[in-house]
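Enquirer:
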Amino acid sequence: MAHAQTQQEVVQRKVPAQRVLVAEDNVVTKDLLEMLLTQRGHQVDIVTDGKSALEALQNNSYDVVLMDFHLPELDGLEVAASFRDTNGAKEAPRFVAMTSDMKGLLEHAADCENFDGIMPKPFDLEDVCRVIEGQEMPLSGETPVPVAPVGKDKAAQIPAKSTTPIPSHIQKLGYNFLRWPDDFDGERLSARGLQASLDNRKFDAILVRERASIDDLAQIWTTKSLFSLPVIDLTGALGKRADLDGSKLSTAESDQVTRLVEGFHNRLAKLHDDVLLSDDIGDKLLGHIYLTGCGLKPVYDAQEKGFVCYNAVLPSDVIEQEAKKLVQSEFLSQSFFDRFPQCDRCQSSRFNVREECPDCNSPNIVEQAYLHHFVCAYQGPESDFRQGDDLVCPKCRQELSHFSIDYDKPGSVMVCSTCAHATSEPDVGLLCMDCEAHFDGDTVGATDVFSYALTDRAYAYLETGRALLGRKREAMRFAELPVELIVALNAELKRFSDNNTPFALVDISYRNKSEIDHEHGPRQFDQARDLFLENLDNVLRKEDTIVKGQAYDFALLRETDPQEVRDGLEDIRTNASEVLRLDLGVVMHVYGPEEFS
Amino acid sequence: MVTALTDGLSYLSAQSLASLAALFWFTIVFEVPRYTLSFVAAALTGGPKTQSVGEVRTRPRVSVVVAGHNEADSIEKCVRSLLEQSRRPDEIVAVSDGSSDNMPAKLADMKRRGLVDQVHCTDLRAGKSAATNLGVRWSSGDIIINVDCDCSFDRHAFKHVIEPFGDPEIGAVSGNILARNPGASLVATFQAIEYMISISLGKQADALKEEVVCVSGAFGAFRREALDGVGGIDVGGGEDLDLTLRLREAGWRIGFRPDAICYTDVPDTLSGFIKQRFRWERDALRLRYRKHMDIMNPLTPRFSVRELFHELDFIFFHVIAAAMLPFYLLWLFATYGNLAFSILLAAQIGLLVFDGLAFVLAALKTPKADSLRLLPFMPGFSIFNGGFMRFVRLAAYLQEWIFNASDQDNYVPEKVRLVRRW
Ligand SMILES: [Zn+2]
Ligand SMILES: [Zn+2]
Ligand SMILES: [Zn+2]
Chain A
-5 MAHAQTQQEV VQRKVPAQRV LVAEDNVVTK DLLEMLLTQR GHQVDIVTDG KSALEALQNN
55 SYDVVLMDFH LPELDGLEVA ASFRDTNGAK EAPRFVAMTS DMKGLLEHAA DCENFDGIMP
115 KPFDLEDVCR VIEGQEMPLS GETPVPVAPV GKDKAAQIPA KSTTPIPSHI QKLGYNFLRW
175 PDDFDGERLS ARGLQASLDN RKFDAILVRE RASIDDLAQI WTTKSLFSLP VIDLTGALGK
235 RADLDGSKLS TAESDQVTRL VEGFHNRLAK LHDDVLLSDD IGDKLLGHIY LTGCGLKPVY
295 DAQEKGFVCY NAVLPSDVIE QEAKKLVQSE FLSQSFFDRF PQCDRCQSSR FNVREECPDC
355 NSPNIVEQAY LHHFVCAYQG PESDFRQGDD LVCPKCRQEL SHFSIDYDKP GSVMVCSTCA
415 HATSEPDVGL LCMDCEAHFD GDTVGATDVF SYALTDRAYA YLETGRALLG RKREAMRFAE
475 LPVELIVALN AELKRFSDNN TPFALVDISY RNKSEIDHEH GPRQFDQARD LFLENLDNVL
535 RKEDTIVKGQ AYDFALLRET DPQEVRDGLE DIRTNASEVL RLDLGVVMHV YGPEEFS
Chain B
64 MVTALTDGLS YLSAQSLASL AALFWFTIVF EVPRYTLSFV AAALTGGPKT QSVGEVRTRP
124 RVSVVVAGHN EADSIEKCVR SLLEQSRRPD EIVAVSDGSS DNMPAKLADM KRRGLVDQVH
184 CTDLRAGKSA ATNLGVRWSS GDIIINVDCD CSFDRHAFKH VIEPFGDPEI GAVSGNILAR
244 NPGASLVATF QAIEYMISIS LGKQADALKE EVVCVSGAFG AFRREALDGV GGIDVGGGED
304 LDLTLRLREA GWRIGFRPDA ICYTDVPDTL SGFIKQRFRW ERDALRLRYR KHMDIMNPLT
364 PRFSVRELFH ELDFIFFHVI AAAMLPFYLL WLFATYGNLA FSILLAAQIG LLVFDGLAFV
424 LAALKTPKAD SLRLLPFMPG FSIFNGGFMR FVRLAAYLQE WIFNASDQDN YVPEKVRLVR
484 RW
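From first to last, the protein sequence lines are chains A and B. So the first sequence is numbered by my numbering: it starts at -5 and just counts up by one. So the second sequence is numbered by my numbering: it starts at 64 and just counts up by one.
Here's what the structure looks like:
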């Protein structure tokens, strides 16, 4: 979930060196892969066409073959098929296809069976590492991709054991459902699942047919874009977490499904791809809230440790953690819902709250009246006086016979049956039902629960994409950079690790893009942006590189301390913006070598 | 006036010893013995470290019981001085006696902060005796120290007050009480001197005579065995004196530690002072001659020669002395006319010498009392104590004797006064 963490894991794990054959005709991609894989200690052979690929395969043995689909001479498919024909299945390397036309590939499913995995381009460098190092295949070869064209009518035809049949009135609506567990294959997605992930617009909703825990449904959030489908729960077990409880839906109410699906579709049309395709859980959560159209609302739920769940099929603690961050970055506004005591050992809010003995914390305390015998000034609990039906003073042996003349009851006391201590004010104690930790009523921590709504800023982000915001929402991700920049960065990183030569990468975004687009047209914006970059080029030194990206632009400053750049950033910005007629709302952010390690 | 004085002096100097005795009989009979005993006591006991009777062999468990009614403002200060003791109590039990201020909340808060170990609150006021009994009922100490909310203590007060319990015959030990506010007013200053001389020095003398030392309700320590044996504290007022009498009757010896010092605020207005003393004197009389009358009756099993002597002592030096004073004055003026002033003055000068001596002794015994500051007020105190106080006492005795006035005291709740049998 946390991207930085997985990235670190990949970097730190020692993996055996692999022999890799890369068949790729694009120069930049080739260089990049070579650099990346060599740096990670693999032995890499590179060929640029299909014929040499086949030759290399026949002369050497490889663990992995990374092959572009569209190669000169022989394309990737032909190479793989030909190799398998001559060598059979034994000792074959793993074939991984690289393509930028994933959808096209999947439509001709039969072609894929010679591949063990398919990697979409432009690729994520981490994915490359994982595939090469055998930790994960983006598309499993075990499922020989039986992607028959998915017709809406066939969607509900494979009923599995112990699953709830899809009620006919829901089936009749003619939607294309992604079904759980049918279309989810344990850890990996089935082909239908993958297809839904790649093109969610062909699907209408996720139908949960078997009792599933939130963890079981984690794939909805770990797979690209699946979060954008409404979850209809046929089992009723997900409660308010699902977007619709389909377990008690009568025929007359099936229009609720229609309304839900149409609502999601309508709003999805406006959701920017930056968010839809994002891997960031915060983005996904924002997107989900946007699509539900009703905010993020807590509901009491005694099953939950925190006593609340939200209207999203995610663990409550994850939601709370992400929502907190999103409030901080002003994407969500919060309003108070309730306050719960919280165990600081296990974060549970499930407590047994009771009055207890201040000395031994036993809840076994019994209230007794105090008796005051006026004549002798003896005062004590009633049990001191009790002798059968009579009240006899333990001090003067007189019988107390008349209330308010002989004695009265000036108050009461709680006597502990466990340790015999007495107190007029018992403590309030809390016992954690999850870890049995004990807390005093006045020292136990509390946690506030909020409901959340999208802010204007969030709406702008969700509909316009990242260009609006600058990159601060998340840490710099290598794979999102233009390939040209990655190559240059790689070289700088190597110099940094070899002899500590620092560098700074400046990330440039334009806050006012949508405004300018709207008022003056996109051309005006592009001109202003080009002019800005030209100015910037003049402000910077010759050895610095400016790379123009899609939504962002970049400047790579060699042999420069990033802190110096940070300090002088304002000057650089004003100097470069000087002759501009339009205010681009330039936002610059500086990254140093540490941020790429 | 001056001529009258010189006349008086020349007259007095012309008298024989026998006729002087006839003139000053009141002073000789009622005042001189009182002082003599104090001086003897002071001479026989050296320094403040008196009555160190044996070592306390095993460390006893000490509980402090502090009961109060509407003491929200003073309770924390009091408890903090308890916690400052060099011998820290093993347990502090606080009782709110039907308080209507926020004392219960205050105590609950102090308990949470660990300042006190037990807190007990009642909704209806039961009186100091019953409230203290309740605290004792829940306390667990071998020695129970009973303190007033408005008192504060010297750092070593507890260490000293529990020392005498090494002697197994000792059932209770009284602490030494001094005035905390001697500078507040003239009345307060006089009381400061009085506390120093009569309580501090006087109790040392009493202790030496094995006479009743009233274990003060403001600061006293009790052996649990002794306290439980007599059934705890009885209905007040004067419950401290009453308890002491009953402990002695049960055969326990009572100790006094002049170095176990406790400070209390004395009334700083004359009316407040008179009200307090009326109550004290009335209670003393009521207890001794209504509740404990049979001690003096040889025909009852409670009779004891030792107690008889003590009671006679009290009757003679307190009751009769107070009762005789007006007659003495009448007789003096009737017989000598204007000369009576000179005679009284001469008597007062003589008393001043005694008082001065007592003061010096007391100051030596109780270095804590700010005696130098009190010194200029000595002559005033001498008149205040020898004259004014006697009238106050007399009025109180008369009131109690004739009207049972202590039944009106609101010190004890009405419901209790109605059923009190003495
Ligand atoms: Zn009784
Ligand atoms: Zn207990
Ligand atoms: Zn817990």
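Ideal placement from N, C-alpha and C gives every residue a C-beta, glycine not left out.
Alpha carbon to alpha carbon, how far is A/F178 from A/Q250? Give it in angstroms, no decimals.
Expert: C-alpha separation (whole angstroms): 25 angstroms.
Enquirer: At which residues does the alpha helix (DSSP H) containing B/M166 begin and terminate?
Expert: 166 to 175 is the span of the alpha helix (DSSP H), which, as asked, contains B/M166.
Enquirer: What residues from chain B crowd round A/F368, counting only those whose CB sits closer than 7 angstroms?
Expert: Chain B residues near A/F368: K478, V479, V482.
Enquirer: What are the start and end residues of the alpha helix (DSSP H) that includes A/T495?
Expert: It is not in any alpha helix (DSSP H) - A/T495 carries neither H nor E in the DSSP assignment.
Enquirer: Apart from the five residues just before and just after B/V382, which ones in its own chain have a Cβ nearer than 7 angstroms to its Cβ?
Expert: Here the set comprises Y460.
Enquirer: Where are the beta strand (DSSP E) runs, 3 residues long or more, that stay fully inside the stretch 359 to 385 of chain A, in chain order?
Expert: Within the stretch 359 to 385 of chain A, the complete beta strand (DSSP E) runs of at least 3 residues are 359 to 367, 372 to 375.
Enquirer: From this set, B/L249, B/T327, B/S263, which residue's C-alpha is nearest B/F422's C-alpha?
Expert: Of B/L249, B/T327, B/S263, the residue nearest in Cα terms is B/S263.
Enquirer: For B/V127, which option in B/E134, B/A157, B/K140 has the closest C-alpha, if you only look at C-alpha atoms?
Expert: Of B/E134, B/A157, B/K140, the residue nearest in Cα terms is B/A157.
Enquirer: Taking all protein chains shown into account, do 16 or more other C-beta atoms lie within 10 angstroms of the C-beta of B/W315, making it buried, or fewer, making it exposed?
Expert: With 16 or more other Cβ atoms within 10 Å, it is buried.
Enquirer: Do A/G289 and A/A447 have their C-beta atoms within less than 7 angstroms of each other?
Expert: A contact, by the Cβ cut-off of 7 angstroms.
Enquirer: Only counting the same chain, and skipping five residues up and downstream in sequence, which positions put a Cβ closer than 7 angstroms to that of B/G419?
Expert: Only M441 meet the Cβ criterion.
Enquirer: Below 8 angstroms, how does it come out for the stretch 276 to 289 of chain A and the stretch 196 to 206 of chain A: are there three or more Cβ pairs, yes or no?
Expert: Because the criterion of three Cβ pairs below 8 angstroms is not met, the stretch 276 to 289 of chain A and the stretch 196 to 206 of chain A do not touch.
Enquirer: For B/R436, which of B/I91, B/F253, B/S279, B/M356 has the nearest alpha-carbon?
Expert: Checked all of B/I91, B/F253, B/S279, B/M356; the closest Cα to B/R436 is B/F253.
Enquirer: Counting pairs of Cβ atoms below 8 angstroms between the stretch 273 to 287 of chain B and the stretch 163 to 172 of chain B, do you hit three or more?
Expert: With a cut-off of 8 angstroms, the stretch 163 to 172 of chain B and the stretch 273 to 287 of chain B do not count as touching, because too few Cβ pairs lie within range.
Enquirer: Going by the DSSP bridge assignment, what does A/I502 pair with across the sheet?
Expert: In DSSP, A/I502 forms a bridge with A/D547, A/M582.
Enquirer: First and last residue of the alpha helix (DSSP H) that includes B/M452?
Expert: Run containing B/M452: 452 to 466, per the alpha helix (DSSP H) assignment.
Enquirer: Relative to the alpha-carbon of A/M113, which residue among A/G562, A/C123, A/F325, A/A91 has its alpha-carbon at the smallest distance?
Expert: Closest option to A/M113, Cα to Cα, is A/A91.
Enquirer: Within 7 angstroms (strictly less), CB to CB, does B/H381 reach chain A?
Expert: False, the Cβ-Cβ gap to chain A never drops below 7 angstroms.
Enquirer: Taking B/C184 as the reference, give the member of B/L80, B/G161, B/V199, B/R453 with the closest Cα.
Expert: Looking at the Cα atoms, B/G161 is the closest of the given residues.
Enquirer: Helix, strand or coil: which one does DSSP assign to A/Q297?
Expert: Reduced to three states, the DSSP call for A/Q297 is coil.
Enquirer: Roughly how many whole angstroms lie between the Cα atoms of B/F330 and B/A247?
Expert: The residue you asked about is not Phe; residue 330 of chain B is Pro in the sequence shown. The straight-line gap from Cα to Cα measures roughly 9 angstroms.
Enquirer: Chain B beta carbons: is any one of them nearer than 7 angstroms to that of A/Y372?
Expert: So, interface residue.
Enquirer: Please indicate yes or no: does the CB of A/R344 lie closer than 6 angstroms to some heavy atom of ligand 3?
Expert: Incorrect: A/R344 has no Cβ contact closer than 6 angstroms to ligand 3.
Enquirer: Pick helix, strand or coil for A/M61, following the three-state DSSP scheme.
Expert: Three-state DSSP puts A/M61 in a strand.
Enquirer: Compile a chain-ordered list of the residues in the stretch 187 to 200 of chain B whose CB is closer than 8 angstroms to at least one CB of chain C.
Expert: As a matter of chain content, chain C is missing from the structure shown, whose protein chains are A and B.
Enquirer: What are the partner residues of A/S46, as DSSP defines its beta bridges?
Expert: For A/S46, which the question treats as bridged, DSSP gives no partner whatsoever.
Enquirer: Is B/C277 near ligand 1, with its Cβ less than 6 angstroms from a heavy atom?
Expert: Checking the Cβ of B/C277 against ligand 1 gives no.
Enquirer: Got a sec? Which residues, its chain only, sit under 6 angstroms from A/V59 by beta carbon, not counting five neighbours each side?
Expert: Counting only Cβ-Cβ distances below 6 angstroms, and skipping sequence neighbours, we find L15, P87, F89.
Enquirer: What are the start and end residues of the beta strand (DSSP E) that includes B/L241?
Expert: Looking at the DSSP string, the run of the beta strand (DSSP E) that includes B/L241 is 233 to 242.
Enquirer: Distance, Cα to Cα, A/P587 vs A/A212?
Expert: Distance between the alpha carbons of A/P587 and A/A212: 34 angstroms.
Enquirer: Could I get the ranges of all uninterrupted alpha helix (DSSP H) runs contained in the stretch 250 to 310 of chain B, with 4 residues as the minimum, in chain order?
Expert: List check, alpha helix (DSSP H) in window: 265 to 271, 287 to 292.
Enquirer: Among residues of its own chain, excluding the 5 on either side of B/L350, which ones have a beta-carbon nearer than 8 angstroms to its beta-carbon?
Expert: Hits under 8 angstroms: G301, L304, D305, L308, W485.
Enquirer: Only counting the same chain, and skipping five residues up and downstream in sequence, which positions put a Cβ closer than 6 angstroms to that of A/I226?
Expert: Counting only Cβ-Cβ distances below 6 angstroms, and skipping sequence neighbours, we find A199, L201, L238, G240.
Enquirer: Are the CB atoms of A/V307 and A/P292 within a distance shorter than 7 angstroms?
Expert: No, the pair does not count as a contact, with Cβ atoms beyond the cut-off.
Enquirer: Identify whether A/P476 lies in helix, strand or coil by the three-state DSSP scheme.
Expert: Three-state DSSP puts A/P476 in coil, outside helix and strand.
Enquirer: Are the C-beta of A/E256 and some C-beta of chain B separated by less than 7 angstroms?
Expert: A/E256 does not count as touching chain B.
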